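Report on the structure given below.
Protein chains: 2
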Amino acid sequence: MKKILIIVPDGGMLFEAAGIADILMQANRLHPGGLAQPCYRIIIATTQPHQVIHGQSGLNLLADYRLPELIPVSRLIPSSLPGAA
Amino acid sequence: MKKILIIVPDGGMLFEAAGIADILMQANRLHPGGLAQPCYRIIIATTQPHQVIHGQSGLNLLADYRLPELIPVSRLIPSSLPGAA
Numbered sequence: 001m002k003k004i005l006i007i008v009p010d011g012g013m014l015f016e017a018a019g020i021a022d023i024l025m026q027a028n029r030l031h032p033g034g035l036a037q038p039c040y041r042i043i044i045a046t047t048q049p050h051q052v053i054h055g056q057s058g059l060n061l062l063a064d065y066r067l068p069e070l071i072p073v074s075r076l077i078p079s080s081l082p083g084a085a
Numbered sequence: 001m002k003k004i005l006i007i008v009p010d011g012g013m014l015f016e017a018a019g020i021a022d023i024l025m026q027a028n029r030l031h032p033g034g035l036a037q038p039c040y041r042i043i044i045a046t047t048q049p050h051q052v053i054h055g056q057s058g059l060n061l062l063a064d065y066r067l068p069e070l071i072p073v074s075r076l077i078p079s080s081l082p083g084a085a
């Protein structure tokens with residue numbers, strides 16, 4: 001199974017993330033044996049400190065994770081930079 | 001302002017609701033004076049007792065309202081039916 005991470009920014013258009021997720025879900029459905037063992041799993045992450053992603057249209061998507069939960073901040077700071085731990 | 005109610009069933013494809021909402025948001029944006037006074041406002045309702053709509057793809061949309069909050073059950077039962085209040 002491939003895990004696909006979609007990072008959805010606040011204030012964006014949600015049909016992009018929803019469309020990609022629905023296409024991959026259809027790929028799961030059409031693949032032989034895809035229903036028993038899906039080929040793709042979608043994970044939605046938000047860049048915000050809260051878990052609700054506010055779309056530009058007023059729709060609200062619920063993220064699976066906040067981005068810092070998936071990528072520890074320490075990994076984003078190269079250790080050669082001044083001040084990095 | 002026109003209020004557009006989209007009733008999103010659980011287990012469906014969320015890009016349909018997200019797509020309609022994004023199109024109407026673009027209509028607001030392109031309409032003269034649409035930014036000051038939007039022409040359309042999208043309201044998302046769920047048929048479920050909880051406010052989270054689980055899409056078929058695994059994405060979760062947050063509904064603005066649960067349908068019974070908008071349409072009282074008493075209005076759905078014609079008074080001529082036996083047992084109706």
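As they're listed, the protein sequences go chains Y and S.
With the working numbering as the guide, the letters of the first sequence map in order to residues 1 to 85.
With the working numbering as the guide, the letters of the second sequence map in order to residues 1 to 85.
All residues carry an ideal CB built from backbone N, CA and C; glycine is no exception.
If you're wondering where the values come from, they're calculated on a predicted model, not measured in any experiment.
Less than 7 Å between C-beta atoms, sequence neighbours within five positions excluded: which residues of the same chain meet that for S:Ile44? Mapped onto the second sequence, residue 44 of chain S falls at position 44. Around S:Ile44: Ile6, Val8, Ala17, Leu61, Ala63 and Asp64.
CA-CA distance, S:Gln56 and S:Met1? One-based indexing of the second sequence puts residue 56 of chain S at position 56. One-based indexing of the second sequence puts residue 1 of chain S at position 1. Cα to Cα, S:Gln56 sits roughly 32 Å from S:Met1.
Excluding the 5 residues flanking S:Phe15 on each side, which residues of the same chain have their C-beta closer than 8 Å to its C-beta? Locating residue 15 of chain S in the second sequence gives position 15, counting from the first residue. Nothing listed; no residue qualifies.
What residue does the beta strand (DSSP E) around S:Leu61 start on, and which one ends it? The residue you call residue 61 of chain S lines up with position 61 of the second sequence. Segment Asn60 to Leu62, the beta strand (DSSP E) holding S:Leu61.
Measure from the C-beta of Y:Arg66 to each C-beta in chain S and report whether the shortest distance is under 8 Å. As a working note, residue 66 of chain Y is residue 66 in the first sequence. By this cut-off, Y:Arg66 is not an interface position.
Drop a sphere of 10 angstroms on the beta-carbon of Y:Leu70, count the other beta-carbons inside from all chains shown, and report buried for 16 or more, exposed for fewer. To locate residue 70 of chain Y, count along the first sequence from 1; it is residue 70. Exposed: under 16 other Cβ atoms inside 10 Å.
Segments assigned alpha helix (DSSP H), at least 4 residues, entirely inside the stretch 6-42 of chain Y: 14-30
Please identify, using Cβ separations under 8 Å, the residues of the stretch 3-21 of chain S that lie next to chain Y, in order along the chain. Met13, Leu14, Phe15, Ala17, Ala18, Gly19 and Ala21
If you measure between the beta carbons of S:Leu30 and S:Ile4, is that distance less than 8 Å? For the purposes of this step, residue 30 of chain S is taken as residue 30 along the second sequence, with counting starting at 1. For the purposes of this step, residue 4 of chain S is taken as residue 4 along the second sequence, with counting starting at 1. Not closer than 8 Å, so no.
Closer than 8 Å, CB to CB, is S:Met1 near chain Y or not? Mapped onto the second sequence, residue 1 of chain S falls at position 1. Not an interface residue.
Does the beta-carbon distance from S:Gly58 to Y:Ala21 come in below 8 Å? Here residue 58 of chain S corresponds to residue number 58 of the second sequence, with the count starting at 1. Here residue 21 of chain Y corresponds to residue number 21 of the first sequence, with the count starting at 1. Cβ distance < 8 Å, so S:Gly58 and Y:Ala21 count as in contact.
Looking at S:Asp22 and the ligand ZN, is the gap between the Cβ and the nearest heavy atom below 7 Å? By its list of ligands, the structure shown contains no ligand whatsoever, and the ligand ZN lies outside what it can speak to.
Would you mind working out which of S:Arg66, S:Gly33 and S:Ile42 sits nearest S:Gln51, comparing C-alpha positions? The sequence position of residue 51 of chain S within the second sequence is 51, counting from 1. Checking every option, the nearest Cα to that of S:Gln51 belongs to S:Arg66.
Closer than 7 Å by C-beta to S:Leu49: which residues in its own chain qualify, once you throw out the five before and the five after it? Chain order, please. As a working mapping, residue 49 of chain S is identified with position 49 in the second sequence. Before going further, note that residue 49 of chain S is Pro rather than Leu in the sequence given. Within the same chain, S:Pro49 has close Cβ partners Arg66.
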